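Below is one structure, written out as structure tokens; comments come after it.
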């Protein structure tokens with residue numbers, strides 16, 4: 036089965052496909068240290084145009100990932116926790132803009148945590164797997180994209196910080212991006228200088244290149260056929276150009292208006 040691995044941040048990061056969830060449009064098993072996340076992608080044609088792109092991302096936590104069984108009368112898994120919802124959104128935001136306009140098929144991404152290590156958060160691993168699975172799926176995904184967590188403690192930047200460093204440091208952010216640019220920054224900081232924030236984002240983008248290269252190495256081992264996207268409505272393009280001609284010159288001025 037196709038698989039690739041390399042050491043990143045002191046841990047072995049491994050991507051493999053073809054052995055699990057074979058009925059899905061694409062599936063990738065991500066191993067990051069002792070954390071394992073299975074990410075599946077299912078693409079389903081729609082019978083009618085909903086007027087928007089129906090992308091759904093779910094992040095499934097499981098008690099067994101931590102070696103536990105739910106206690107009490109109910110032994111089933113409960114509804115998603117706040118952390119699971121936030122992790123799903125963290126995966127959703129970087130990938131959603133990377134689908135071409137006009138693509139309206141239903142796309143469902145599910146990241147299921149199979150095992151969890153405290154110092155290898157499954158949310159970033161889920162984003163890594165989601166991008167890889169979309170690259171292997173028929174969906175016309177314009178990736179790859181990846182995310183890196185950055186911390187700041189004792190004046191030193193830490194890539195892929197441990198739980199302890201995240202709790203005791205001055206910065207805990209996740210930076211997502213493509214090869215060319217940064218697409219998302221999310222997290223928290225405690226009165227950090229602007230120069231430090233810029234430096235952290237720059238370091239994260241350099242690390243992102245390693246993760247993207249790993250995914251491209253995996254995709255190169257698999258034959259992928261992408262679906263074609265219908266061309267845009269020429270009337271829509273004409274209207275857009277007319278609006279741009281009227282307002283684009285003042286856009287920068289209006290965008291920087293006080294109070295905006």
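Numbering (the working numbering), first residue to last: 36 to 295.
From the three backbone atoms N, C-alpha and C, an ideal C-beta is built for every residue, glycine too.
This structure is a prediction, so every number in the text was calculated from the model and none was measured.
- DSSP, reduced to helix, strand and coil, places residue 91 within a strand of the structure shown.
- In the structure shown, residue 263 adopts coil according to DSSP, grouped into three states.
- Counting of Cβ neighbours within 10 angstroms places residue 242 among the buried residues, the total reaching 16 or more.
- Residue 282 sits exposed, since fewer than 16 C-beta atoms from the chains shown fall within 10 Å of its C-beta.
- When the five nearest sequence neighbours on each side are left out, the beta carbons in the same chain lying within less than 7 angstroms of the beta carbon of residue 198 are those of 153, 154, in order along the chain.
- Take residue 93, set aside five residues on each side of it, and the residues of its chain with a beta-carbon closer than 8 angstroms to its own are 115, 123, 143, 144, 145, 146, in chain order.
- Around the beta carbon of residue 291, a 10 Å sphere encloses fewer than 16 other beta carbons of the protein chains shown; the residue is thus reported as exposed.
- Close CB contacts of residue 206 within its chain, under the 6 angstroms cut and outside five residues either way in sequence, are with 186, 187, 224, 227 (chain order).
- Rounded to the nearest angstrom, the Cβ distance from residue 168 to residue 75 is 7 angstroms, consistent with a contact under 8 angstroms.
- In this structure residue 43 touches residue 246 by the C-beta definition: roughly 7 angstroms separates them, less than 8 angstroms.
- Residue 255 sits in coil when the DSSP states are folded into three classes, being neither helix nor strand.
- By the neighbour-count criterion, in which a residue is buried when 16 or more other Cβ atoms sit within 10 angstroms of its Cβ, residue 286 is exposed.
- Listed in chain order, the alpha helix (DSSP H) elements of length 4 or more contained wholly in the region 103 to 173 are 117 to 130, 157 to 171.
- Per the C-alpha coordinates, the member of 270, 183, 239, 219 positioned closest to residue 67 is 183.
- Annotated as proximal: residue 60 and residue 172, with beta-carbon spacing under 9 angstroms.
- Nearest C-alpha to residue 136 among 256, 271, 280: 271.
- In this model, residue 72 and residue 229 are separated by some 34 angstroms (Cα to Cα).
- The beta strand (DSSP E) runs lying completely inside the region 175 to 208 and spanning 3 residues or more are 181 to 188, 191 to 194, given in chain order.
- Per DSSP, the unbroken alpha helix (DSSP H) holding residue 289 starts and ends at 269 to 290.
- In this model, residue 38 and residue 278 are separated by some 48 angstroms (Cα to Cα).
- Assigned with DSSP and collapsed to three states, residue 79 falls in strand.
- For residue 223, the three-state secondary structure derived from DSSP is strand.
- Membership of residue 50 in the beta strand (DSSP E) is indicated by the continuous run 46 to 51.
- Per DSSP, the beta bridge partners of residue 212 are 181, 217.
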